[in-house]
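S.K.: Numbering (this note's numbering), first residue to last: 3 to 78. Before I ask anything, let me first share the structure, which is written out below as structure tokens.
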């Protein structure tokens with residue numbers, strides 16, 4: 003399962019999502035749009051306007067901090 007997490011600086015929801023993934027030993031790659039603004043257009047093209055965004059195999063599966071969906075992901 004290839005997961006990519008899109009975040010930005012000073013984003014508490016991003017930090018909480020990242021913390022959940024790490025605490026549940028879920029591997030992911032992080033892409034910070036503050037450091038790499040080219041990802042902003044990538045997300046906009048998918049209709050996404052806020053972070054965090056968690057993608058699996060280049061398809062968005064979670065947008066925002068969603069503990070309910072993260073728990074389901076951890077249970078897989």
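We put the beta carbon where it would ideally sit given N, CA and C, even for glycine.
Please classify residue 62: does DSSP put it in a helix, a strand, or coil?
M.R.: As a working note, residue 62 is residue 60 in the chain shown. It is a strand residue.
S.K.: Quick check on the burial criterion: 16 or more other C-beta atoms within 10 angstroms. Buried or exposed for residue 52?
M.R.: Taking the chain shown and counting its residues from 1, the one referred to as residue 52 is at position 50. The Cβ neighbour count for residue 52, taken over all protein chains shown within 10 Å, is under 16; the residue is labelled exposed.
S.K.: How is residue 11 classed by DSSP in three states: helix, strand or coil?
M.R.: The sequence position of residue 11 within the chain shown is 9, counting from 1. Residue 11: coil per DSSP, three-state reduction.
S.K.: For residue 65, does the count of other Cβ atoms within 10 angstroms reach 16, so buried, or fall short, so exposed?
M.R.: For the purposes of this step, residue 65 is identified with residue 63 of the chain shown, where counting begins at 1. Residue 65 should be labelled buried.
S.K.: I believe residue 32 touches residue 56 by the beta-carbon criterion, under 8 angstroms. Please report the beta-carbon distance rounded to the nearest angstrom.
M.R.: To locate residue 32, count along the chain shown from 1; it is residue 30. To locate residue 56, count along the chain shown from 1; it is residue 54. Between residue 56 and residue 32 the Cβ distance is about 10 angstroms, and since that is not below 8 angstroms, they are no contact.
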